[in-house]
Amino acid sequence: MSGSPHEGRETVYWQQLDRHHHWHPFTDTAALNAKGARVITRASGVYLWDTDGNRILDGMSGLWCVNLGYGRTELIEAASRQLAELPYYNAFFQTTTMPAASLAAEIAKVTPQGLDRVFFANSGSEAIDTAIRMVRTFWAVEGKPGKSWIIARQNAYHGSTIGALSVGGQKAQRQQGGPLVGDVAHVPQPFWYGEAGGMPAEDFGLERARAIERKILELGPDRVAAVFGEPVQGAGGVIVPPDSYWPEVVRICRKYDVLLVADEVICGFGRTGAWFGSETFGIEPDLMTMAKGLSSGYLPISAVAVGRRVADSLIEKAGEFCHGFTYSGHPVAAAVALKAISLMREENLVERVRDDIGPYFQQSLATLADHPLVGHIDGIGMLAGLSLVAGKKPDRPFAEPDRVGTLCRDHCFANGLVMRAVGGRMVLAPPLVISHAEVDELVRLARLSLDMTARDVGLADR
Ligand code: PXG
């Protein structure tokens, strides 16, 4: 960019600044500093560029969020108009703003029937913390303060604030910075390929749903506030549950009068081929958390959509709900989110994922199933996870899945593709606007990187 203070600086300059001062999230900083971070400078459509001029196909939509792709002038203009008009005002002082009120109404329209009260926050983690406080406060005002336990799944990722971390079920994270929030229990996830041991998928789905029922009975239904779960566990490795799972979880929650919170941070806004993953999987949530795709990642904003039972009770009986954030309903973020939703409508993106690019993406990825490293591919809409295996028929996992996943991820990056590794699973979540030709390129680069990984681990000739 001409006249920019960045002009003429070499990659190493930025890496040096970063190394000395920038502490990266979810990163082994010592290891990163030893090699230096890749410096991303600009992006357009589904592509990123770095300071060395490399073009990279973003198979992860940033971090599962840039659903509309990069460089959307409509979003940029919505932000800039709102910045000029009213860059900030809060919703605490008996005041509101037009973007916040409009966005709340718009979210009420696109979410399933009944979820028509919307509380704003800035990140998925804050939305989860908000939902924790809401469900526990709901039971307290209903005269059942003992209903405080939350049940979630092992390997679930719900965020990094202490509340969200406590509901999450990933071991390595839970080991840092405790003690965690109490009264949270975890049950096994519905990961058919990895954990069913040959049980048919439908039976396994029911069995894993009934693990929730067993936990409710063990704790006592009068002590359980809510079940929290993502329709498809994203950061856990794209764990697509069998069709039988969620309807059975819904039945169980209703039977024992336990609230159901759908964490739609990744699955929301078209990712699974419906506005929300809850619709794809037959979930009838009492509350829904959302973030990421809400603003297509252009600005930080999240929300909790709350159904009538919980909202009416809290609003009518709890008095002041002592919770909120300086930037709850930030007008600029809300203006961008409003525009993102209207673009999704204008471009029929939900239908596109359901009927066109989603099936094309899944069929194209399925061509990788013959690769010696690829065990099983799970996917729905624009979400996919593939397991890397050391041998096939029967499939054998690697003894060091993380090492092989990292090798594959690094080959992808070097070849111009962002494909993430979650242990021994490779995950993809490209922008919903990706073209057929770009999907072809993604699959070609993935195969090339898998071939290089296979060579590294001595599987090339199989
Ligand atoms: N719920 C879900 C389902 C998420 O995926 C959060 C909550 C928390 O959102 P915030 O905005 O607080 O980050 C998330 C976030 C990864 C990765 O490595 C995934 C997330 C965040 C960071 C890394 O896949 N998801």
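If you count the sequence shown from 1, position 68 lands on 239 in this note's numbering, and the numbers rise without skipping. Glycine included, C-beta positions come from ideal geometry on N, C-alpha and C.
In the three-state scheme derived from DSSP, where H, G and I count as helix and E and B as strand, residue 628 is classed as coil.
Here residue 532 carries a helix assignment [DSSP, helix/strand/coil].
The beta carbon of residue 419 sits closer than 8 Å to those of 376, 377, 380, 381, all from its chain and outside the five residues before and after it, given in chain order. The closest CA to that of residue 321, considering only 307, 333, 212, is found on 307. For residue 475, the three-state secondary structure derived from DSSP is strand. Taking 8 Å as the cut-off, the beta carbon of residue 498 is found closer than this to the beta carbon of residue 293. Secondary structure of residue 288 (DSSP, three-state): strand. Taking C-alpha positions only, residue 401 is separated from residue 445 by approximately 15 Å. Counting along the chain, residue 319 sits inside no beta strand (DSSP E), nor does DSSP assign it H or E at all. Looking at 412, 545, 457, 403, the one whose alpha-carbon comes closest to that of residue 424 is 457.
About 5 Å separates the Cβ atoms of residue 362 and residue 410, confirming a contact at the 8 Å cut-off.
Annotated as distal: residue 421 and residue 386, with beta-carbon spacing of 8 Å or more. Taking 7 Å as the cut-off, one finds no heavy atom of the ligand PXG near enough to the beta carbon of residue 355.
Three or more beta-carbon pairs separated by less than 8 Å are not found between the segment 472-481 and the segment 250-257, which leaves the two stretches without contact. Between the C-alpha atoms of residue 570 and residue 392 there is a straight-line separation of about 40 Å. The DSSP assignment places complete alpha helix (DSSP H) segments of no fewer than 4 residues inside the segment 224-299 at 232-235, 244-256, 269-281, in order along the chain. Taking a cut-off of 8 Å on C-beta distances, the segment 532-549 does not touch the segment 270-277, as fewer than three cross pairs fall below it.
Secondary structure at residue 220: strand, using DSSP grouped into helix, strand and coil. Cα atoms of residue 528 and residue 519: separation of roughly 12 Å, rounded to the nearest angstrom. Looking at 188, 604, 488, the one whose alpha-carbon comes closest to that of residue 521 is 604. With contact defined as three or more Cβ pairs closer than 8 Å, the segment 310-330 and the segment 497-513 are not in contact. Secondary structure at residue 590: coil, using DSSP grouped into helix, strand and coil. Look at residue 562 here: in three-state DSSP terms it is strand.
The C-beta distance from residue 551 to residue 235 rounds to 14 Å, too long to meet the 8 Å contact threshold. Ranking 194, 466, 352, 340 by CA distance to the CA of residue 319 puts 352 first. Per DSSP, residue 423 lies in no beta strand (DSSP E); the unbroken alpha helix (DSSP H) holding it starts and ends at 416-426. Annotation for residue 216: 240, 241, 242 place their beta carbon closer than 7 Å to its own, counting only its chain and skipping 5 residues before and after.
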